[in-house]
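Student: From first to last, the protein sequence lines stand for chains A and B.
Under numbering that gives the first Met the number 0, residues 0 to 254 are what the first sequence spells out, in order.
Under numbering that gives the first Met the number 0, residues 0 to 285 are what the second sequence spells out, in order.
Pasting a structure below so you can have a look.
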Amino acid sequence: MKKGKQTRNASRKVLGDYKKIGTSFVPPMVHRVGPWDFTSWSSQTLPELVWWDVLIDRGSHRFAARVAEEIAKYFKAKDKSKSWWAFISDYAEIGIDEVQGLKEHLKQRNLWAQLVESLADFLNLYPACPISRFLDQLPTGIVDIGYLQHFTERMKELEDKRSRSGVLVQAQAIYMGFVLGKLFVKKGLVLADFPEVEKYPATELSKQVGASICAAVNMVAGTMLPKYAEDAWVQYFWKRSLELCPLDFSHLETR
Amino acid sequence: MTDEDQIRELISTIEARIRQELRARCEEYKPDFQAPEVFNVVTALLARQATLAIELASAPQLWNGHSAPLFLRAMADVHITLSWILLDPRVRARHYVDHGLGQAVLALEHRKKERDCADADSKKKLAKIISAEEDWIDTQKWNFLVDVNVGAWSGKTAREMSEEAGILDFYNYVYTPFSQCVHSTWYHVGRYNSGPSESSLTRQLWMPRIAESVSDIWNLHLAAKYLDKTFCMFDEKALNRSPSSEIRDWIHGEIQNRFGSDDRNLNSAAATSRTQVEPSAHDKTR
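In structure tokens, the structure reads:
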């Protein structure tokens, strides 16, 4: 390192670019761009999108993409709300007519049976999930221990929003935005190369597309979802997850 | 069994009892997912209080005026902090975490500056430390979005927090006196580490010293007392039930059973040479 740069670094003040307000030092990203509203991927957005991973895991990427496309096509004609129908909470308040209409639409496209089968174990873990409203019969609530373990492992991977699984789940939401005609991307922007996400993270372009998808979903979640504490599905998800996987404090008694 | 073996066995039993009590409370405390940080902070502080008690109990050579106050004052701090947080847990637990993250960011920035000026070898080591620190912060909040508050985390002094929590006496009679040792004030060092020289010709000068301070079982009782205070306060405020921690009395019973009324083995010269400011064992009101 050149001596000049070393000297400059040595004289650089710690928190020098932070803004002092009272006893607090506010980081540049906050005092120049903020204020920020925080949306947590792992606490909120992930539980809202997790059903797509269930479809991918139990079916395939292609199947999940087809389901996303057909749901978006169904609502494109009918729905004037801002919803993209990617989040589980989107299905909490829709009327019986819409539920039946969507079911019929998916049946006609030969997607319904596989959709129900793919989601069965997941909905048995979380029987009060809004998606259960689409089933002809309510979930039994009988927990398959093997599936619970598997689901727990999937969640572990999904916690990293930049893992391949995490990015592909988020890609479902962006795809729906495109199909619904609610998302437009200017030519030349990375998100315009959306299909490249299939190769994530093997190519440089797919990594850029993946990053754009993560940023876009963060924005969408922040504007469309209720605040974390008021998100009924997410609150249920975590409470039920605790029932399924109670905390083990035995380590407190072991040195 | 030698005296030393007996003491070791007692310490082991004390640790097991404390861990058991901690576990029972954590199991009984139900998280609220609307504010999970409340559960995280409260249980962490309970565990911290138990840790401090166990650590002091495990080291009889530290049961003296030089060292025990370092632990006891930390325990007083934890008790005041937890008492105050539980008055408005959702808001205050969040502040507590945010402040801690800010402290981590500050430490990180200092490390980065150190790295910038370091030689090649040290740079590599520092890079690893920095990466680990960043990861710890980023799993909770992106470090570049964290405010760094160099003031008190609560915006209040310990005294103000104690007053608000209704434990001002505890602050006055426990926190403040033990603070003298923690901060090595003249109040402490003037007694434990210094004293007038013996000769009248040099009386104006005080000689440095390391005062003899024997292990005093009283310090173990104090640790147990403050642990009981915290556990009982938690029982009432967080579990909404009557307080049930009696570790101090239990330890007293264990000592009686194992050693009878003979305090030789536990260096309990407290009656004649006790220099702590805490009231006597008969006072159980604080």
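Glycine included, every Cβ here is placed at the ideal spot set by N, Cα and C.
#1: Classify Ala201/A: buried if its beta carbon has 16 or more other beta carbons within 10 angstroms, exposed otherwise.
#2: Within 8 angstroms of any Cβ in chain A, is that where the Cβ of Gln255/B sits?
#3: Against chain B, with Cβ distances strictly below 8 angstroms, would Gln234/A count as a contact?
#4: In terms of residues, what are the limits of the beta strand (DSSP E) holding Val25/A?
#5: Using a Cβ cut-off of 7 angstroms, which residues of the stretch 65-88 of chain A contact any Cβ in chain B, in chain order?
#6: Let me see if you follow: with CB-CB separation under 8 angstroms, is Cys128/A close to chain B or not?
#7: What do you reckon, are the CB atoms on Val189/A and Gln207/A nearer than 8 angstroms?
#8: In the DSSP assignment, the beta strand (DSSP E) including Lys18/A goes from what residue to what residue?
#9: In whole angstroms, give me the CA-to-CA distance for Gln139/B and Asp120/A.
#10: Determine the DSSP secondary structure at Asn148/B, reduced to helix, strand or coil.
#11: Trp111/A by DSSP, collapsed to three states: which one?
#12: On the criterion of 16 or more Cβ atoms from any shown chain inside 10 Å, does Gln179/B qualify as buried, or is it exposed?
#13: Between the stretch 154-187 of chain A and chain B, which residues of the former have a C-beta closer than 8 angstroms to a C-beta of the latter?
#14: Could you give the first and the last residue of the continuous beta strand (DSSP E) run that contains Pro207/B?
#15: Using a 10 Å radius around the Cβ and a threshold of 16 neighbouring Cβ atoms, would you call Met206/B buried or exposed?
#16: With 16 as the cutoff for other CB atoms within 10 Å, does Ile250/B come out buried or exposed?
#17: At a CB-CB cut-off below 8 angstroms, which residues of chain B make contact with Ala231/A?
#18: Which residues mark the beginning and the end of the alpha helix (DSSP H) in which Pro88/B is found?
#19: Do Ser193/B and Arg202/B have their beta-carbon atoms positioned less than 8 angstroms apart in this structure?
#20: Is Pro126/A helix, strand or coil by DSSP?
#21: Against chain C, does Tyr125/A count as a neighbour if the rule is that its beta carbon must be under 8 angstroms from one of theirs?
#22: Is the separation between the beta-carbon of Ala91/A and that of Met175/A shorter than 8 angstroms?
#23: Under 8 angstroms between C-beta atoms, does Val13/A make it to chain B?
#24: Give the C-beta separation of Ala34/B and Ala228/A to the nearest angstrom, bearing in mind that I take them to be a contact with Cβ-Cβ under 8 angstroms.
#25: So with CB distances below 9 angstroms, who are the chain B contacts of Glu252/A?
#26: When you compare the CB of Gln33/B with every CB in chain A, is at least one pair closer than 8 angstroms?
#27: Which one or two residues does DSSP pair with Gly100/A in a beta bridge?
#28: Identify the continuous alpha helix (DSSP H) that holds Ser161/B and give its terminal residues.
#29: Taking Cβ positions, are Pro26/A and Leu144/B nearer each other than 8 angstroms?
#30: By alpha-carbon positions, which one of Asn217/A, Ile130/A, Ser42/A, Gly21/A ends up nearest to Val166/A?
#31: Tell me whether Glu242/A is buried or exposed, calling it buried when 16 or more other Cβ atoms sit within 10 Å of its Cβ.
#32: In the stretch 145-166 of chain B, which residues sit with their C-beta less than 9 angstroms from some C-beta in chain A, listed in chain order?
#33: Per DSSP, what are the beta-bridge partners of Ser193/B in this structure?
#34: Do you know how far the Cα of Thr151/A is from the Cα of Leu48/A?
Tutor: Taking the definition as stated:
#1: The C-beta of Ala201/A has fewer than 16 other C-beta atoms within 10 Å across all chains shown, which makes the residue exposed.
#2: no
#3: By this cut-off, Gln234/A is an interface position.
#4: 23-25
#5: none
#6: no
#7: yes
#8: 18-20
#9: Using only the alpha carbons, I get a separation of about 31 angstroms.
#10: strand
#11: Helix, per DSSP.
#12: buried
#13: none
#14: For Pro207/B, the enclosing beta strand (DSSP E) begins and ends at 205-207.
#15: The residue in question, Met206/B, is exposed, as its Cβ has fewer than 16 Cβ neighbours within 10 Å.
#16: Counting Cβ neighbours within 10 Å, Ile250/B comes out buried, since at least 16 surround it.
#17: Result: empty, since nearest Cβ-Cβ is about 11 angstroms, beyond 8 angstroms.
#18: 88-115
#19: no
#20: Taken through DSSP and simplified to helix, strand or coil, Pro126/A comes out as coil.
#21: The structure shown has no chain C; the protein chains it does contain are A and B.
#22: no
#23: yes
#24: 7 angstroms
#25: Those within 9 angstroms of Glu252/A in chain B are Ala15, Arg18, Gln19, Leu21, Arg22.
#26: yes
#27: DSSP output for Gly100/A lists no bridge partner at all.
#28: Note, Ser161/B: alpha helix (DSSP H), 157-163.
#29: yes
#30: Looking at the Cα atoms, Asn217/A is the closest of the given residues.
#31: exposed
#32: Val145, Asp146, Val147, Asn148, Val149, Gly150, Ala151, Gly154
#33: Pro207/B
#34: C-alpha separation (whole angstroms): 15 angstroms.
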